[in-house]
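Asks:
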């Protein structure tokens, strides 16, 4: 015996949309009751009333978007000894399944799958990239500790390439705290991930109702709930009534370039890059320490808009720059050096003539020291030259 099941819905971009013309009927074999059972489509049977008569409908319920939640620990999975404890709590002790259970409305907006992660940045990016290739997955949401969230989200923005949304969120208060912010942040992150308007925007940071670009978002306060801030570059939108409302169409910032790390071995990790904080009276001899320590790159958290001292300039040229004492004929620096800013916000001019900084030092533009470090590490990991790395930090439009 054969039955015909009409399928008047199709799945497109994370939403079930009704089509004007149904596809050809799906023929499914149904065996006799005493025979082996075959798998048949699950039918949603809904009793309705039409003209006083009971009518049975075989229309399937619209499919919900499918979201993978990857939990990496942090405050959102933390527990304190009391509802008022906001410091000294134990982070990362709640499993991802319990995080999801704490937000029962999630099941109404998406089919959720979970993964508890304890992995390196390379492994996380490679996992996300492989999962996003699945036809049956619409978005990835990553829960993360806030202390380094800006670095991880930016790293993923550089290394994961997909039109599907990747959303990173977390919490400033542990799950046991009064008015814990984690459940709402997680719920809104899933709302953002399941909305088709979130596609083609790169990695997004969702916190306290704001939708922000990973490239420019930083943690601006160590304690305040409203800590994540995209600065002058601005939020992309906000979540209102479960819906992300975007201020403009999808776009990527000038200078964004994807870096393919699929061939990297996670066991080798990222190259060693140091960050040197500039301050009044800094010991310039520390440059020798970095050279002797075997770093592959260095980021300067410069004073003002990336400035250093005249003595520091001499030390950079002497120990690291082209024509240095140890290799006077070398036209390339010992390793790449990037100058950034120690302030919360700023921009290092891409032009020359920065006080105390040699011309061969790469300028970070709008990237702070932490983000500059991650970009430099990725560039070094894939074997880029000094000039290629310099272009990666530029604000030039992509070639493609």
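Residue numbers (the UniProt record's numbering): 1 to 400. All C-beta atoms in this analysis are idealised placements derived from N, C-alpha and C, irrespective of residue type, glycine included.
(1) Who does residue 402 pair with in a DSSP beta bridge?
(2) When burial is assigned at 16 or more other CB atoms within 10 Å of the CB, is residue 344 buried or exposed?
(3) Does DSSP put residue 388 in a helix, in a strand, or in coil?
(4) Enumerate in chain order the residues of its own chain whose CB-to-CB distance from residue 173 is below 8 Å, with the five nearest sequence positions on each side excluded.
(5) Verify whether the separation of the beta carbon atoms of residue 140 and residue 94 is less than 8 Å.
(6) With 8 Å set as the bound, which would you pick, yes or no: does the beta-carbon of residue 259 sit closer than that to a beta-carbon of chain C?
(7) So residue 231 packs on residue 207, CB below 8 Å; how close in whole Å?
(8) When the Cα atoms are used, what is the spatial distance from residue 191 to residue 242?
(9) Would you mind working out which of 110, 282, 372, 336 sits nearest residue 386, comparing C-alpha positions?
(10) Could you name each continuous beta strand (DSSP E) segment of 3 residues or more that falls completely within the stretch 215-279, going from the start of the chain to the end?
(11) Mind listing, in chain order, the continuous beta strand (DSSP E) runs of no fewer than 3 residues lying wholly within the stretch 185-219?
(12) Helix or strand or just coil, what does DSSP make of residue 306?
(13) Would the beta-carbon of residue 189 fall within 8 Å of that of residue 203?
(14) Which value, in whole angstroms, describes the spacing of the CA atoms of residue 384 and residue 279?
(15) Taking residue 131 as the reference, give the member of 312, 395, 163, 195 with the closest Cα.
(16) Looking at the strands, I want to know which residues DSSP matches up with residue 340.
(17) Determine the direct distance from the alpha carbon of residue 339 to that of residue 143, and round the result to whole angstroms.
(18) Using alpha carbons as the reference points, say which of 334, 62, 122, 185 lies closest to residue 318.
(19) Please return the same chain residues whose Cβ sits closer than 6 Å to the Cβ of residue 298, not counting the five positions on each side in sequence.
(20) Got a sec? Which residues, its chain only, sit under 8 Å from residue 91 by beta carbon, not counting five neighbours each side?
(21) Going by CA-CA distance only, name the one from 288, 392, 209 that's closest to residue 245.
(22) Can you tell which of 229, 286, 211 has its C-alpha closest to the C-alpha of residue 240?
(23) Please name the residue in 205, 201, 196 whose C-alpha comes closest to that of residue 170.
(24) Thinking C-alpha only, which one of 325, 238, 80 is nearest residue 176?
(25) Could you please give the first and the last residue of the uninterrupted beta strand (DSSP E) stretch that includes residue 111?
(26) What is the DSSP secondary structure of residue 142, reduced to helix, strand or coil?
(27) Just to confirm my understanding: we take residue 389, look at its own chain, exclude 5 residues before and 5 after, and list those with CB closer than 6 Å. What are they?
(28) Kindly examine the ligand NAP and report whether one of its heavy atoms sits closer than 7 Å to the Cβ of residue 302.
(29) Quick test of your reading: residue 121 and residue 155, contact by CB under 8 Å. State the CB separation rounded to the nearest angstrom.
(30) Can you pull the DSSP bridge partners for residue 71?
(31) Since residue 365 sits in a beta bridge, which residues does DSSP pair it with?
(32) Taking just the CA atoms, how far does residue 263 sit from residue 362?
(33) Given a cut-off of 8 Å, decide if residue 326 and residue 259 are closer than it, judged by their beta-carbon atoms.
(34) Below 8 Å on the Cβ atoms is my guess for residue 117 versus residue 106; work out the distance and round it to an integer in Å.
(35) Is it buried or exposed for residue 193, if we count other Cβ within 10 angstroms and need 16 for buried?
(36) Let me check one thing: in DSSP terms, what residues is residue 169 bridge-paired to?
Replies: Straight from the coordinates:
(1) A query on residue 402 cannot be resolved here, the shown segment of the chain reaching from 1 to 400 and no further.
(2) exposed
(3) helix
(4) Hits under 8 Å: 75, 86, 179, 180, 181, 182, 225.
(5) No, the pair does not count as a contact, with Cβ atoms beyond the cut-off.
(6) Of the chains in the structure shown, none is chain C; there is only one protein chain.
(7) Incorrect: roughly 14 Å between the Cβ atoms, too far for contact.
(8) The alpha-carbon atoms of residue 191 and residue 242 are separated by roughly 6 Å.
(9) 336
(10) 237-240, 243-246, 273-277
(11) Listed in chain order, the complete beta strand (DSSP E) runs (minimum 3 residues) inside the stretch 185-219 are 203-207, 210-213.
(12) coil
(13) Cβ distance not < 8 Å, so residue 189 and residue 203 don't count as in contact.
(14) Roughly 30 Å separates the two Cα atoms.
(15) 163
(16) 301
(17) 31 Å
(18) It is 334 whose Cα lies nearest to the Cα of residue 318.
(19) 274, 290, 337
(20) 73, 74, 75, 77, 78, 145, 174
(21) Among 288, 392, 209, the Cα nearest to that of residue 245 belongs to 209.
(22) 211
(23) 205
(24) 80
(25) 111-116
(26) strand
(27) Contacts found: 336, 379.
(28) Judged by which ligands are present, the structure shown has none, so any question about the ligand NAP falls away.
(29) 5 Å
(30) 116, 143
(31) 348
(32) 26 Å
(33) no
(34) The Cβ separation is near 18 Å, so there is no contact.
(35) buried
(36) 143
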